[in-house]
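Novice: Taken in sequence, the protein lines are chains W and P.
Under the UniProt record's numbering, the letters of the first sequence match residues 1 to 676, in that order.
Under the UniProt record's numbering, the letters of the second sequence match residues 1 to 676, in that order.
Protein chains: 2
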Amino acid sequence: MTMVFLNKEIRDGDNPDLTEERKTATFDTNKMAEVIYGSEKLARRRREISQAVSLIPELADSKPLPFLSRNEKILESTRKVTALNEHLPRLINMNDEDEAWHIHSEVIGFEGNPLALHHSLFIPPLVIQGSDEQHEKWLGRAKRREIIGCYAQTELGHGSNIRKLETTATYSLSTQEFILHTPTINALKWWPGALGKSSNHAVVVASLIIKEQNYGPHLFMVQIRDEQSHEPLPGIAVGDIGPKMAFNGADNGFLGFNNFRIPRGNLLNRHCNVEVDGTYVRPPHDKMNYAGMIRVRSRMAAEQGTFMAQALTIAVRYSAVRRQGFLENKSQEVKVLDYQTQQHRLFPAIARSYAFIFCGFETIQKYETLQNEMNSGNVSLMADLHALTSGIKSVVTYQTGEGIEQARMACGGHGYSMASYISEIYGCAIGGCTYEGENMVMLLQLARYLVKSVELAMRGKPGDLGPMVAYLAYPDIKVDLVTGPEAYVKMFQHISKRQSIKATEKFHRKMESGVSRDEAWNQCAVELTRASRLHTRLYIIETFIRRVDSIEDLSIKMVLTDLMNLHLNYELLDVASYALEDGFMSSTQMGFIKNQLYSSLEKIRPNAVSLVDSFQFSDLQLRSNLLNFLFQVLGRRDGHVYQNLFEWAKSSPLNQTEVLPSVTQYLKPMMEKAKL
Amino acid sequence: MTMVFLNKEIRDGDNPDLTEERKTATFDTNKMAEVIYGSEKLARRRREISQAVSLIPELADSKPLPFLSRNEKILESTRKVTALNEHLPRLINMNDEDEAWHIHSEVIGFEGNPLALHHSLFIPPLVIQGSDEQHEKWLGRAKRREIIGCYAQTELGHGSNIRKLETTATYSLSTQEFILHTPTINALKWWPGALGKSSNHAVVVASLIIKEQNYGPHLFMVQIRDEQSHEPLPGIAVGDIGPKMAFNGADNGFLGFNNFRIPRGNLLNRHCNVEVDGTYVRPPHDKMNYAGMIRVRSRMAAEQGTFMAQALTIAVRYSAVRRQGFLENKSQEVKVLDYQTQQHRLFPAIARSYAFIFCGFETIQKYETLQNEMNSGNVSLMADLHALTSGIKSVVTYQTGEGIEQARMACGGHGYSMASYISEIYGCAIGGCTYEGENMVMLLQLARYLVKSVELAMRGKPGDLGPMVAYLAYPDIKVDLVTGPEAYVKMFQHISKRQSIKATEKFHRKMESGVSRDEAWNQCAVELTRASRLHTRLYIIETFIRRVDSIEDLSIKMVLTDLMNLHLNYELLDVASYALEDGFMSSTQMGFIKNQLYSSLEKIRPNAVSLVDSFQFSDLQLRSNLLNFLFQVLGRRDGHVYQNLFEWAKSSPLNQTEVLPSVTQYLKPMMEKAKL
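1) Excluding five sequence neighbours on each side, which residues of the same chain lie with their C-beta closer than 7 Å to the C-beta of N628 of chain P?
2) Name the DSSP beta bridge partners of K189 of chain W, please?
3) In chain order, what residues of the region 411-441 of chain W put their CB closer than 8 Å to some CB of chain P?
4) Whose C-alpha, out of W:R261, W:G360 and W:G265, is nearest the C-alpha of T182 of chain W?
5) Note down, in chain order, all residues in the region 177-189 of chain P with a beta-carbon under 7 Å from any beta-carbon belonging to chain W.
6) Using the C-alpha atoms, what's the distance from T400 of chain P back to S500 of chain P?
7) Report the start-end ranges of each beta strand (DSSP E) in the region 535-619 of chain P that is 3 residues or longer and not cut off at the edges.
8) Chain W beta carbons: is any one of them nearer than 7 Å to that of P217 of chain P?
9) In chain P, which residues lie with their C-beta within 7 Å of the C-beta of G157 of chain W?
10) Chain W partners of A674 of chain P, CB-CB under 7 Å?
11) Should L195 of chain P be flagged as near chain W, meaning a C-beta pair shorter than 7 Å?
12) Cβ of T78 of chain P less than 7 Å from any chain W Cβ?
13) Use the C-beta contact count for N93 of chain P: other C-beta atoms within 10 angstroms, 16 or more gives buried, fewer gives exposed.
14) Under the three-state reduction of DSSP, which class applies to K164 of chain P: helix, strand or coil?
15) Looking at the secondary structure, which residues open and close the beta strand (DSSP E) in which E177 of chain P lies?
16) Name the chain W residues whose beta carbon is nearer than 8 Å to that of K510 of chain P?
17) Tell me whether the beta-carbon of V334 of chain W lies closer than 7 Å to the beta-carbon of S319 of chain W.
18) Would the region 609-619 of chain W and the region 18-36 of chain W be scored as touching if the rule is three or more Cβ pairs under 8 Å?
19) Give the straight-line distance between the Cα atoms of V127 of chain P and D549 of chain P, rounded to the nearest whole angstrom.
20) Should the region 401-416 of chain W be called in touch with the region 336-353 of chain W, which here means at least 3 C-beta pairs below 8 Å?
21) Around the C-beta of V281 of chain W, are 16 or more other C-beta atoms found within 10 angstroms, so that it is buried, or is it exposed?
22) Please identify the residue among W:M458, W:L481, W:T483 and W:I148 whose C-alpha is closest to the C-alpha of L472 of chain W.
23) Using a Cβ cut-off of 7 Å (strictly closer), state whether P66 of chain P contacts chain B.
24) What runs of the alpha helix (DSSP H), each 4 residues or longer, lie entirely inside the region 9-83 of chain P?
25) According to DSSP, is V204 of chain W part of a helix, a strand, or is it coil?
26) Assuming L532 of chain P and L450 of chain P form a contact by the criterion Cβ under 8 Å, report the distance between their Cβ atoms to the nearest whole angstrom.
27) For R352 of chain P, I'd like the list of residues in its chain whose CB is within less than 8 Å of its CB, leaving aside the five on either flank, ordered along the chain.
28) Out of W:F178, W:L121 and W:L180, which one is the CA nearest neighbour of A194 of chain W?
29) Looking only at its chain, what residues have a beta carbon closer than 6 Å to the beta carbon of G157 of chain P, apart from the 5 residues adjacent to it on each side?
30) Whole alpha helix (DSSP H) runs in the region 356-399 of chain W with 4 or more residues, listed along the chain?
31) Specify the secondary structure class of L267 of chain P as computed by DSSP and reduced to three states.
32) Would E405 of chain P pass as a contact of Y426 of chain P if the rule is Cβ separation under 7 Å?
33) Beta-carbon within less than 8 Å of residue 730 of chain W's beta-carbon, same chain only, minus the 5 sequence neighbours each way: which residues are those?
34) Is there a Cβ of chain P sitting closer than 7 Å to that of P661 of chain W, yes or no?
35) At a cut of 8 Å, does the region 64-83 of chain W reach the region 649-662 of chain P through at least three beta carbon pairs?
36) How is S174 of chain W classed by DSSP in three states: helix, strand or coil?
In structure tokens:
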């Protein structure tokens, strides 16, 4: 009779060091996957899709990605994405965004591909801003992928301040055309994904000029390359912006216009228009697209949590296989996972991965609920949530970067090899600190909302506070025993409130001292970002607690409670100085929290491998796959690390020839000359 | 009449935004360079060498390094290092290590080259462990570079625990040879630099076996490739270990032996020997090479400080050129360097760069002094210093990584482009957390010394404490006013002492509870590493204070005092929870320290560019150089960022053809098919 184990990743022939870990699981990893991905169906579909993909050879990487040049990476990702599109309807439910997301991570990975932006950033503005006529003209072609497009906004010298964009679209009355022009080097479009070499169309953001009056940024549909030859059209300078820290499978591009003419009808004019005679028809309202940003940033929390989870899957599995040094038993070296320092590097990050994913999902759900309720009135809830997501984006991306790097270092030298693939995961994830709103800018955006809220509370209008900032008006309390999640929430609320109030008071004092509002703000900026981080971290622990509360399966609930406790103690310890500062936390409490933290590490230990297994990343998804039958190297499910590291190295480009040109051309002549 | 400015980097035609910054310098940047590099002579020689190098076209990069594949990087670094060796005697004083160091960074950069290990790790063991006869045979050839060598110790499955190395060298009585063998995949030599494709010789560490008895690790000189054909010799498997996070200009390699025979005379036998009949002659003593490790790790502090300084040079200059958003003046966007958040990201890291360089130099000097005094007796001083350097290595590499990444993010999107080169600097610097002793292992090494010292103090033997840990026996004190560096030192001493004592007490309690020594140690490991970090950070601030104290030039002393104050406040704030925990620091003091920190940022602001200019990195040294006349892109001395970013991008490999194979092979067919 075969024993049945709760960890579902056990297979014959695996490295026994990993199997041993899996046998100690106290919960069912398939059930945990349902909690992570939010439903039994999605967890199951993910496994089914991964399984189906693994049977289609052309969807496998033809070589480990780290062996490829940029040219080869782009060729490979293009090959895969076009092949994937052929198979897609048979493999997934085309209307299910989560399934699409999963299969793309599985097949393409995250280094980019030339169609990634076509669906997420080219088609949406066309849908939203384009008129019916324009839909008629371009939307079908775009959806069928007769044309490939991108979205060109950011300029070489201009990032988040969209009003300072310099590209102009000047209306020519005589020809009824817009003349697109790039007046300076700084005004070159710079960074748009898939712009460099792949797209033949772009939605371009440019300042609309009519009769020398500037009407601000507008969107224009622009064909940039010939549909037959794919050569840039006359008057267009377009190219790739060069290698980046990561995403080198994507051709982020530059784009310059030399008095390039487009028809009047290319202004996306569902909401505004320029008439033949140059009359400008204003859009009915001029609101920011809060909704879109909330969605993207909430999604980022889950996505970043997933990046970190991938790095941790690799590091935790490897740590259960790597042996070094001795503890009790002097006959065999111990697994490095047994060292407290290693656990302290990895386990709190596992907790954060779970926390970020839970936080992302709850935020999206909250947003969707709110959107439905919007009709019935309270718009302030949306502002509350929008402010918060700026903070989430910032805190989550930063902590994810930290966690991934710790995971990499926890793998020692082999973590530094591209065979671990962790440095690529890092490069990709850490981009999130910069894109979709630079982190400092984001934190200050949230701070603006917090200050406004503190001011409301100060003016005795706590009733006007959004629900997520209501605690800013709570009276000071004292927490005697740090037991139970509630106590941690209260501590965090207190800390966060105190910091928001302090920063606001400082801001007011500065203004009272005669400094202008902007300058006063700037002089308090660091304190303000501290307030934003605390507010955000409070929310993240609250979502973790709520998620655990909602779970019914006892064995799942128990291990997640351990993980949550680890999280609560780790997070509180990390911000302890705020709590200690005004005597809110005592030295005894601090000692207690530390002990709780260390005992949490011990509690997690037997479930560590199973907690990362529960993310159910296939070896293909973890990348560095080798040939069609060997996949992940360091973090592979079966734990056979060393043999595969050797195979990986042997197949790397440098080993395709015994004697490199560097030897023939330089080293041999040098040695020969020395013998004379 | 030309105005004379103190910043010596001002040139006609520079970006006026940078010139404006340089004009506000309150000190002479050439004089500061003397302080940084320790002497007027070295600072001047560095400039002279950079100038001389800039006139020799073949010493320039032939292409920006980020555009090259690994094969091309190795070819390029080999080209440059062989060319450099030809010019070297005319360019530098061949006996001056600092000059050699500088010219190598200038010409080769830090991505590695195939001769890097030849001089630092192949020749030294040959010198130290080889007999006169062996020197006769190999040393001259090695020095003339008739042969190229490396040092092969680490194995695929074995890192820092050298006693577990599995490669064997079995003495064959019948043939009087050693038979080198790699019994398992895990026993493959793995990581040695220049082993993969370049070296034809290696000093190999293998367990010496005579008549089935294992005598532990010994060094063997092994020829691995044919000197003529450069093919691996029969019985040798050698190759490159594949791409890494950085150092991709180096061919780190693997090496396996299949019963490979070498003559008896190839055991490096100055101190030990195996006689013809297999009799083993033991070395007279078996001591660790403390001296070498102290030197390497002290050097690392300065080197890491320099890496961070390079990243900061790029980020600070760019921040003075990049404009975004508004403060007082609404007619022009402000330099991003004016934002407090940006200053808070960059300036404390500038202070740390200076601190690490000062710390490295003082430690080397201290070590050299000690070595001279060794004859007169006190060896414990050396143990003191050895323990400390383990901590320095660990703290410095970690904080450098943090600082470089913050510098990169401070450059926004363009920091993410390889044109900034910062991600490559990061990749290289962060390797330091792992090589030369993994950071956690290092911290625990120092902790062992701290615990021993606390135990001495507890047993009432403070007189036995080394000078650097004497404070562990100081009575508790109270600091009322946090003014003057002394107060900060006292605070840090108190914190560090308390943590060392707490960790030691915890360790004792664990043992008393019946847990074994090793297990008790492991259960306290995180607390122990905290003690080590505090001890190290105390030492770093002390060296900073001592260096500033020693300076006579008033204008230099003033700005360095500002920088030191920034450092003291930033560091103390960073560890504030320890001080707050037991009521040693009050809430009022904490508020005071924060205010001091923010006013330090303002004080540094006008000197920020000049403080990084003082490192005097040439544009070539900062890399991403473009052609022979365009060097650094984002951090270039002249501040002309945007035009050069455009030139850089245009010359990148993807832009050498308008229509990529990805388009011809996949995208065009896809679009054509969609039209049907």
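Positions of the beta carbon are idealized from the N, C-alpha and C atoms, including for glycine.
Values in this document were obtained by computation on a predicted structure and should not be read as measured data.
Specialist: Let me spell this out:
1) Its pLDDT being 45, under 50, N628 of chain P is placed unreliably in this model, and the value from its coordinates should be taken loosely. Closer than 7 Å at the Cβ level, and outside the excluded window around N628 of chain P, lie P57 and A60.
2) W:E155 and W:L255
3) G412, G413, G415, Y416, S417, M418, A419, S423, G427, I430, G431, C433, T434, Y435, E438, N439 and M440
4) W:R261
5) From the region 177-189 of chain P, only I185, N186 and L188 have a Cβ closer than 7 Å to chain W.
6) 24 Å
7) none
8) no
9) Y642
10) R144, R145 and E146
11) Chain W, which has no Cβ nearer than 7 Å to the Cβ of L195 of chain P, makes this no.
12) yes
13) The residue is exposed, with fewer than 16 neighbouring Cβ atoms inside 10 Å.
14) helix
15) Its beta strand (DSSP E) spans residues E177 to H181.
16) Under the 8 Å cutoff, chain W gives no residues; its nearest Cβ is about 11 Å from K510 of chain P.
17) no
18) yes
19) 41 Å
20) yes
21) exposed
22) W:M458
23) Of the protein chains in this structure, namely W and P, none is chain B.
24) 16-23, 29-37 and 40-54
25) strand
26) The sequence shown places Ser at residue 532 of chain P, not Leu. Yes, they are in contact, since the Cβ atoms of S532 of chain P and L450 of chain P sit about 7 Å apart, within 8 Å.
27) G305, M308, Q399, T400, G403 and H567
28) W:L121
29) N186
30) Entirely contained in the region 356-399 of chain W, not one alpha helix (DSSP H) run reaches 4 residues.
31) strand
32) Yes. Within cutoff.
33) It is not possible to answer for residue 730 of chain W, since the shown part of chain W is limited to 1 through 676.
34) Taking 7 Å as the threshold, the shortest C-beta distance from P661 of chain W to chain P falls below it.
35) Because the criterion of three Cβ pairs below 8 Å is met, the region 64-83 of chain W and the region 649-662 of chain P touch.
36) coil
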